[in-house]
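Student: Residue numbers (my numbering), protein chains in the order written: chain Y, 1 to 512; chain D, 513 to 944. Note that beta-carbon positions come from the ideal geometry of N, C-alpha and C, so glycine has one too. This is the structure I want to talk about, given as structure tokens.
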């Protein structure tokens, strides 16, 4: 695969950051500016120091939010709100690396839904597992997710026994998690049934919240697979050894080169573009798949090859992904520096921002912890729409939400997210000059430069008076000298509201 | 929403045919009037039962009850609990379907048995795709793989959509999708002919009118213009949709309280859109949760549990919807029809559930239905194993073709382009 050797300018840097982080903050930009592509990639792909996020739960007795301790199980039930918060917090406060985007990738790949277990404990165990292998080894993750408690409960692995095989997981293991349904995947219905037998014997103990192997309900007959798997036979094993049959099953499946291709297509769609034609298949997917399968499914080398490839920086592809609701939400929270309000006196105060952000993204069609089907969100698999799917569901919600977070007369006190636009503008290099700061803002927030007409319109809004007369530059100059002057600050706030209600609903803000 | 194909077609057609474009549209316009007039106001409401409904516990074949008793011991509905209609035709309804049984007695409900297709696919996603696109990969044009049968049909009625639509202010879009219905089913070759939303509050604050950015040919640039066109397109229909709802309040008292039965909420909205004369010919709604691999029935009582709750919601929603349409004076104009990606296995599993199977029973409702009972009851093997499945009697494409012909009055040659691989048989579904 050809490595990118063209000029390394802001265009390429911002493209890389938009695809690996969620949005770009001014600090991110300053941090990476001046580094080479290889230096940037070394930092972006190093997830080793990412902390496991704290998990919070709501203590009903004291009505406070507390950190959940994994070493005791007194609290059987972590509230879903806590799950939402515990997933959104690390995204909002993400490290400068690809980790959070990969957590979401695995969540969309190895889907479970929290509604199945109704338990925050299982849901958080599941997310912890995704984090453990976030840029690690795919095969290892595939093996461990197979007997993860939440997954067993979600796809009925806990109901699969020698006298009563349940083939739900066995099917999805092949169809969705490893081989897919492409032309190179030719497993049979008999393979689904044979795999189901290998997978028998697992149960979930709700006292200890742990998955456990019970040899008594494991099918100890030999399992014969089709010619697609070269008539492989997995010898049935009695006793505790029976659980090692799964290792053999995962090995057998992963020996199919189609697994590597299937996963590389998914990564390509996640990071580059949803359209895969014969050219992409030959020039990108094939060489990537060779890299992936060689050191036995290590994820990091594949990401490195993809994100440093000549193809990735093709200028035609910049801005070519439509943001999902979570993309939109997390990028916006980061760009406008919305953090937890630690000073909020209410017990649940500090959690309000991530909670409402998670709930709002859910209303726009992407609820964390709960993809609509076992295949994930349709925007990542439904041909030919792919990410355009978000336009049919999420496009309305975004505009409503932007209106709520920028309005000056807030009516619903529960919806606590509010953009501090004055601080945002103050942090830019020249807030006194509206032509300059608007250009700087769109450079940072938009993946593609807007046309002349929208820029002129934003400029016009900056200069349009409410109560105080004067251009933006004049009013700002007065405001800076007397920030306590209510009339002036209200004027600035109103103009900023008008500008950002437009700027954030333009189509350019919906792509990355 | 593929404007490129559309523009390509629009610019080449008149050249190929050597006719000015207005002459073509005039001819097809006359043909349109002639063929469609008596069918113009008819509405089709599709209900997607997502997950694969267990047909054998929904519409229960009585003549083979003993086989069911043997192979689905842990989930079978006790014989004395099955709701058997007066004219039985050999089957009965799940006890949660009392409302539907009544519609059946009132000659407002038909069951099409044994609906499926050769070499069935057991994947939810392929199965759903096949039922939405009617593309099974045996001689259809590859265009059909990515377009829905509803979208292709609507393209025959809304030629050149979206160019020039809506024709009159207040007209509805060709199709309305409510809830989580895939746009695939309403996608035509040139454009998506449906507009999807969850509820009216989606429209409360649409994006402002964008000053036009010049078209940029990169992928991102095309997304930007697609977004602009989509918002413009939706905006054109919002006044019609909101005023239709404003014109017609729901009249039935049979709806449950909001948010209790999500399907009923969707159908309630559809009823007021139909009642308020939105004039959209197709509505699609969705009820999810039918993937009952485990705990399909309650531990102590097989007439209760997950599947029973789903069917009870289904029945309640349809009965209230029909009642509402009757009170609005629209009952005769509307045909309802369910579809599901597949049925489930004949034998149950030990988790009190059923795995993926093949054949479904399609439920239709409306006052113009001719028969209660269409197609043959499924024939079960004497001793089905855990892997045995039913074979279909009626191809799902024949059902679609029969609806296009009998309900919408579409001529055969058009049906053949929309559903090229549908068997020639047409079901006699409607009162002439």
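Could you work out which residues of chain Y lie near residue 674 (chain D), taking near to mean beta carbons separated by less than 7 Å?
Tutor: Looking up residue 674 (chain D) in the second chain gives position 162. Those do not exist, as residue 674 (chain D) stays about 14 Å from chain Y at its closest Cβ, beyond 7 Å.
Student: Just to confirm my understanding: we take residue 389 (chain Y), look at its own chain, exclude 5 residues before and 5 after, and list those with CB closer than 7 Å. What are they?
Tutor: Locating residue 389 (chain Y) in the first chain gives position 389, where the first residue counts as 1. The answer, listed in chain order, is 378, 379, 382.
Student: Comparing alpha-carbon positions, which option in D:683, D:900, D:551, D:904 lies nearest residue 707 (chain D)?
Tutor: To locate residue 707 (chain D), count along the second chain from 1; it is residue 195. With distances taken between Cα atoms, residue 707 (chain D) lies closest to D:683.
Student: Three or more C-beta pairs under 8 Å: does that hold for the segment 349-362 of chain Y against the segment 43-55 of chain Y?
Tutor: Contact between the segment 349-362 of chain Y and the segment 43-55 of chain Y is absent, because fewer than three Cβ pairs lie under 8 Å.
Student: With a threshold of 16 other CB atoms inside 10 Å of the CB of residue 52 (chain Y), please say whether the residue is buried or exposed.
Tutor: Within the first chain, numbered from 1, the residue matching residue 52 (chain Y) stands at position 52. By the 10 Å Cβ count, residue 52 (chain Y) comes out exposed.
Student: Please name the residue in Y:276, Y:443, Y:202, Y:478 whose C-alpha comes closest to that of residue 13 (chain Y).
Tutor: Residue 13 (chain Y) sits at position 13 when you count from the first residue of the first chain. It is Y:443.
Student: So, using beta-carbon positions, are residue 338 (chain Y) and residue 417 (chain Y) closer together than 8 Å?
Tutor: As a position in the first chain, residue 338 (chain Y) is number 338, starting the count at 1. As a position in the first chain, residue 417 (chain Y) is number 417, starting the count at 1. In contact: residue 338 (chain Y) and residue 417 (chain Y) (Cβ atoms closer than 8 Å).
Student: Looking at the secondary structure, which residues open and close the beta strand (DSSP E) in which residue 796 (chain D) lies?
Tutor: Residue 796 (chain D) sits at position 284 when you count from the first residue of the second chain. Looking at the DSSP string, the run of the beta strand (DSSP E) that includes residue 796 (chain D) is 794-800.
Student: Following the continuous alpha helix (DSSP H) through residue 170 (chain Y), name the residue where it begins and the one where it ends.
Tutor: Locating residue 170 (chain Y) in the first chain gives position 170, where the first residue counts as 1. 168-175 is the span of the alpha helix (DSSP H), which, as asked, contains residue 170 (chain Y).
Student: Is DSSP giving residue 868 (chain D) helix, strand or coil here?
Tutor: Residue 868 (chain D) sits at position 356 when you count from the first residue of the second chain. Strand, per DSSP.
Student: Using only the alpha-carbon positions, how far apart do residue 847 (chain D) and residue 622 (chain D) sit?
Tutor: Here residue 847 (chain D) corresponds to residue number 335 of the second chain, with the count starting at 1. Here residue 622 (chain D) corresponds to residue number 110 of the second chain, with the count starting at 1. Each residue's Cα considered, the two are about 11 Å apart.
Student: Quick one, which of Y:202, Y:470, Y:189 has its alpha-carbon nearest residue 227 (chain Y)'s?
Tutor: Position 227 of the first chain, counted from the first residue, corresponds to residue 227 (chain Y). The shortest C-alpha separation from residue 227 (chain Y) is found at Y:189.
Student: Taking Cβ-Cβ distances shorter than 7 Å, what residues in chain Y pair up with residue 573 (chain D)?
Tutor: As a position in the second chain, residue 573 (chain D) is number 61, starting the count at 1. The premise fails here: residue 573 (chain D) is roughly 24 Å from chain Y at the closest Cβ pair, so nothing lies under 7 Å.
Student: Touching or not, the segment 889-896 of chain D and the segment 856-871 of chain D, by the rule of three or more beta carbon pairs under 8 Å?
Tutor: Yes, the segment 889-896 of chain D is in contact with the segment 856-871 of chain D.
Student: When the Cα atoms are used, what is the spatial distance from residue 406 (chain Y) to residue 335 (chain Y)?
Tutor: By one-based count along the first chain, residue 406 (chain Y) stands at place 406. By one-based count along the first chain, residue 335 (chain Y) stands at place 335. Roughly 14 Å between the two C-alpha positions.
Student: Along the chain, where does the beta strand (DSSP E) that runs through residue 852 (chain D) open and close?
Tutor: Here residue 852 (chain D) refers to the residue found at position 340 of the second chain. Element bounds for residue 852 (chain D): 846-852.
Student: Closer than 8 Å is the cut-off here; do at least three beta carbon pairs connect the segment 119-127 of chain Y with the segment 138-150 of chain Y?
Tutor: Touching, per the Cβ criterion.
Student: Under 8 Å, Cβ to Cβ, is there at least one residue of chain C near residue 207 (chain Y)?
Tutor: Among the protein chains of the structure shown, namely Y and D, there is no chain C.
Student: Could you check whether the Cβ of residue 168 (chain Y) sits closer than 8 Å to any Cβ belonging to chain D?
Tutor: Numbered from 1 along the first chain, position 168 holds the residue referred to as residue 168 (chain Y). So, interface residue.
Student: Measuring CB to CB, does residue 985 (chain D) end up less than 8 Å from residue 603 (chain D)?
Tutor: Since the first residue of chain D shown is 513 and the last is 944, residue 985 (chain D) is not available in this structure.
Student: Determine the DSSP secondary structure at residue 546 (chain D), reduced to helix, strand or coil.
Tutor: Stepping through the second chain from its first residue, residue 546 (chain D) is reached at position 34. Any reading at residue 546 (chain D) needs caution, since the residue's pLDDT is 45, under 50, leaving its predicted position unreliable; the model's value is listed next. In this structure, residue 546 (chain D) counts as helix in the three-state DSSP scheme.
Student: Using only the alpha-carbon positions, how far apart do residue 194 (chain Y) and residue 235 (chain Y) sit?
Tutor: Translated into the one-based positions of the first chain, residue 194 (chain Y) becomes position 194. Translated into the one-based positions of the first chain, residue 235 (chain Y) becomes position 235. The straight-line gap from Cα to Cα measures roughly 11 Å.
Student: Bridge partners for residue 204 (chain Y) per DSSP, in chain order?
Tutor: Locating residue 204 (chain Y) in the first chain gives position 204, where the first residue counts as 1. Looking at the DSSP assignment, residue 204 (chain Y) forms a beta bridge with Y:211.
Student: In whole angstroms, what is the alpha-carbon distance linking residue 543 (chain D) and residue 280 (chain Y)?
Tutor: Translated into the one-based positions of the second chain, residue 543 (chain D) becomes position 31. Translated into the one-based positions of the first chain, residue 280 (chain Y) becomes position 280. At residue 543 (chain D) the pLDDT is 45, less than 50, meaning the model places this residue with poor confidence and gives no usable figure here.
Student: How would you label residue 39 (chain Y), buried or exposed, when you count the other beta carbons within 10 angstroms and need 16 or more for buried?
Tutor: Reading the first chain from its first residue, position 39 is the one you call residue 39 (chain Y). It is exposed - the Cβ of residue 39 (chain Y) has fewer than 16 other Cβ atoms within 10 Å.
Student: Counting only the same chain and skipping the five closest in sequence on each side, list residues whose C-beta sits under 7 Å from that of residue 905 (chain D).
Tutor: Against the second chain, residue 905 (chain D) aligns to sequence position 393. Here the set comprises 625, 626, 887, 888.
Student: Since residue 643 (chain D) contacts residue 851 (chain D) with CB under 8 Å, what's their CB separation in whole angstroms?
Tutor: Position 131 of the second chain holds residue 643 (chain D). Position 339 of the second chain holds residue 851 (chain D). So it is a contact: roughly 5 Å between Cβ atoms.
Student: Indicate whether at least one CB of chain D lies closer than 8 Å to the CB of residue 388 (chain Y).
Tutor: Residue 388 (chain Y) sits at position 388 when you count from the first residue of the first chain. It does: the Cβ of residue 388 (chain Y) has a partner Cβ on chain D nearer than 8 Å.
Student: Note down the Cα distance separating residue 934 (chain D) from residue 637 (chain D), rounded to an integer number of angstroms.
Tutor: By 1-based counting over the second chain, the position of residue 934 (chain D) is 422. By 1-based counting over the second chain, the position of residue 637 (chain D) is 125. Going by the C-alpha atoms only, they are around 21 Å apart.
Student: How about residue 612 (chain D): is its Cβ closer than 7 Å to a heavy atom in the ligand ZN?
Tutor: Absence of the ligand ZN is noted for the structure shown, with no ligands found whatsoever.
Student: May I ask you to list, following chain order, the residues of the segment 626-649 of chain D that have a beta carbon less than 8 Å from some beta carbon of chain Y?
Tutor: Residues 634, 635, 636, 637, 638.
Student: For the candidate residues Y:486, Y:197, Y:22, Y:508, whose alpha-carbon lies nearest to that of residue 164 (chain Y)?
Tutor: In the first chain, residue 164 (chain Y) corresponds to position 164, counting from 1. Minimum Cα distance to residue 164 (chain Y) is reached at Y:197.
Student: Residues of chain D with CB under 7 Å from residue 510 (chain Y), in chain order?
Tutor: Your numbering for residue 510 (chain Y) matches position 510 in the first chain. Ordered by position in chain D, the residues that pass the 7 Å Cβ test against residue 510 (chain Y) are 739.
Student: Taking only beta carbons into account, state which residues of the segment 848-873 of chain D come closer than 8 Å to chain Y, listed in chain order.
Tutor: The residues in question are 861, 862, 863, 865, 867, 868.
Student: Answer yes or no: does any C-beta atom of chain Y fall closer than 8 Å to that of residue 929 (chain D)?
Tutor: Here residue 929 (chain D) is taken as the residue at index 417 of the second chain, counted from 1. No, its Cβ sits nowhere closer than 8 Å to a Cβ of chain Y.
Student: Can you give the beta carbon distance from residue 910 (chain D) to residue 864 (chain D), rounded, assuming they're within the 8 Å contact cut?
Tutor: Here the question's residue 910 (chain D) lines up with position 398 in the second chain. Here the question's residue 864 (chain D) lines up with position 352 in the second chain. Incorrect: roughly 34 Å between the Cβ atoms, too far for contact.
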